[in-house]
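Participant: Have a look at this one before I ask anything.
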Amino acid sequence: MPVTCVVGAQWGDEGKARIVDLLSADADLVVRYQGGANTGHTVVVNGETVKLHLIPVGVLRPGCVSVIGNGCVLDPRVLFEELHMLRDTGHAVSGEGLRISDRAHLVLPYHRALDAAYERGRGAGRIGTTGRGIGPCYADKVAYKGLRVADLFDDAELDARVRAQCEEKNRVLGALGSEAVDAGETLAELRSYCDRLAPFVEDTVAFLRRALSAGKRVLCEGAQATLLDVDHGTYPFVSASSSSVLGVPSGSGIPPRAISRTVLVAKAYTTRVGEGPFPTEDAGPEGARIRERGREFGTTTGRPRRCGWFDAVAVRYACTLCDADELAVTKLDILSGFDRLRISVAYDVDGRRVDRFPADLASLRKARPVYRDLEGFSGDLSGCRSLSDLPPAARAFVDAVAETVGFPVHLVSVGADRAQYLTR
Ligand code: IMP
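Pasting the structure below:
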């Protein structure tokens, strides 16, 4: 603190929410700075599982203020579903507890329709998006066609812009063989949100600057992950936002120099949901066993995740890009019971050893992992609270992760519950 950032080091689903939840005990504000309802953040609090897609995990800490920053894309439908779910499960959120940027872009029904239509059109080349309209919404933002939260409160402007956009989008949807969206219905839905949304809306950049000046402690919650970052990930198999730590200043207004600690989060193995290169993927029985043990099915889509071994080349790339202070390793307990554990320390591309994460898809597709094999461990790790409590082979695995990535591991999770983790 004052500003700690928690960011994924792989292709998402690393268990960032769990780390954010832990660190939020010392935070006054939790901020999301990119992405939208494509996110699936799961937290287990006292045996109760809470799944969030849009609202920062900080809402589960009484007294902590959650902020949806200007770099996020806001689907009001999902927002109100989530607010209702939180109220019904005893975590009601007040206006003071959740601040939403007036500059965040809105995800509208035509973005979801376009997401589905583009994916169908890509055929075998599909990205495997979550279908939440994220790419088309960010595309409108940079094409100067987006609608922002602030626009909801200027009815004449809203009417004109929504009608013009629906007309344009319907031409595209028609050409792609998809159903048109109804401008009147879209407008009516948006208008129905205005009064309910108003108490949450704020210039969050100014709000965060005031909070920082007042010495408040801020935690930035990354969604997706560094390898899904639109600039730095495995393009085009990425999400549309700046999901490495480099997105924090532009997506929240927090000045770069205010960031004091960056925690990268990686699972003890690797998963990927959706298409795209994944050098350490194990499509055989060991990958299937990781999936079963780790319950690796998408929070947002329910899709089975592709699974494989820990990739130190990829995580090193992410940690270096983000200038990580430390690495948090999650789900170590899932690897219990394997005879042999593997870490990819380099790639073999056309017979050449490659130590750096390549930019081009062709090399990534051809990359064969060069593995370091380690002895497996067994037993229940959930009661371990320090590295010395771990079985020697589990500890050796954590040490090998730190050594091969080249960044220190300060936190290891050994179970889903809030208390089940250990620190160095
Ligand atoms: P989109 O963000 O829905 O456009 O999807 C683009 C790519 O990012 C797809 O491969 C998705 O599966 C992936 N993706 C998006 N959000 C997440 C996430 O929260 N976890 C893991 N993968 C994600």
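Residue numbers (the numbering used here): 88 to 511. A virtual CB, placed ideally from N, CA and C, is assigned to each residue, including glycine.
Hey, how far is the Cα of residue 505 from the Cα of residue 414?
Facilitator: Rounded to the nearest angstrom, the two C-alpha atoms are 18 Å apart.
Participant: So what does DSSP say about residue 471, is it helix, strand or coil?
Facilitator: Here residue 471 sits in coil by DSSP.
Participant: Do residue 497 and residue 511 have their C-beta atoms within less than 7 Å of each other?
Facilitator: Closer than 7 Å, so yes.
Participant: Taking only the alpha-carbon atoms, compute the straight-line gap between residue 457 and residue 432 and give it to the nearest angstrom.
Facilitator: Each residue's Cα considered, the two are about 6 Å apart.
Participant: Nearest-angstrom Cα distance between residue 484 and residue 242?
Facilitator: Between residue 484 and residue 242, the C-alpha separation is close to 58 Å.
Participant: Between the region 142–153 and the region 244–256, are three or more C-beta pairs nearer than 8 Å?
Facilitator: No, they do not touch.
Participant: Whose C-beta lies closer than 7 Å to the C-beta of residue 499 among residues of the same chain, with five residues either side of it excluded?
Facilitator: Cβ within range, chain order: 416, 419, 485, 508, 509.
Participant: Could you please give the first and the last residue of the uninterrupted alpha helix (DSSP H) stretch that includes residue 244?
Facilitator: Note, residue 244: alpha helix (DSSP H), 242–262.
Participant: Please tell me whether, using a cut-off of 6 Å, the distance from the CB of residue 314 to the nearest non-hydrogen atom of the ligand ADP is below it.
Facilitator: This structure simply doesn't include the ligand ADP; it includes the ligand IMP instead.
Participant: Answer yes or no: do residue 427 and residue 294 have a C-beta to C-beta separation smaller than 7 Å?
Facilitator: Going by C-beta atoms, residue 427 is not nearer than 7 Å to residue 294.
Participant: If you draw a straight line from the alpha carbon of residue 286 to that of residue 355, how long is it in whole angstroms?
Facilitator: In a straight line, the C-alpha of residue 286 is about 41 Å away from that of residue 355.
Participant: Is any non-hydrogen atom of the ligand IMP found closer than 6 Å to the C-beta of residue 217, if you look at the structure I gave you?
Facilitator: Yes - the ligand IMP has a heavy atom lying nearer than 6 Å to the Cβ of residue 217.
Participant: Could you say if the region 216–224 and the region 265–273 meet the contact criterion of at least three C-beta pairs nearer than 8 Å?
Facilitator: Segments in contact, no.
Participant: Have a look at residue 275 and residue 169 and give me their C-alpha separation to the nearest angstrom.
Facilitator: Near 21 Å, if we compare the C-alpha coordinates of residue 169 and residue 275.
Participant: Compare the C-alpha of residue 100 against each of 325, 284, 358, 167 and name the closest.
Facilitator: Nearest option by C-alpha distance: 358.
Participant: Would residue 349 and residue 159 qualify as a contact pair, given that the criterion is a beta-carbon distance under 7 Å?
Facilitator: No, Cβ-Cβ distance for residue 349 and residue 159 is not below 7 Å.
Participant: Measure the alpha-carbon distance for residue 494 versus residue 238 and round it to whole angstroms.
Facilitator: Cα-Cα distance, rounded: 44 Å.
Participant: How far does the alpha helix (DSSP H) with residue 106 in it extend, from its first residue to its last?
Facilitator: Here the alpha helix (DSSP H) through residue 106 covers 103–110.
Participant: Can you give me the start and stop residues for the alpha helix (DSSP H) that residue 227 sits inside?
Facilitator: 221–229 is the span of the alpha helix (DSSP H), which, as asked, contains residue 227.
Participant: Report yes if the C-beta of residue 165 is less than 6 Å from at least one heavy atom of the ligand IMP; otherwise report no.
Facilitator: Not under cutoff, so the answer is no.
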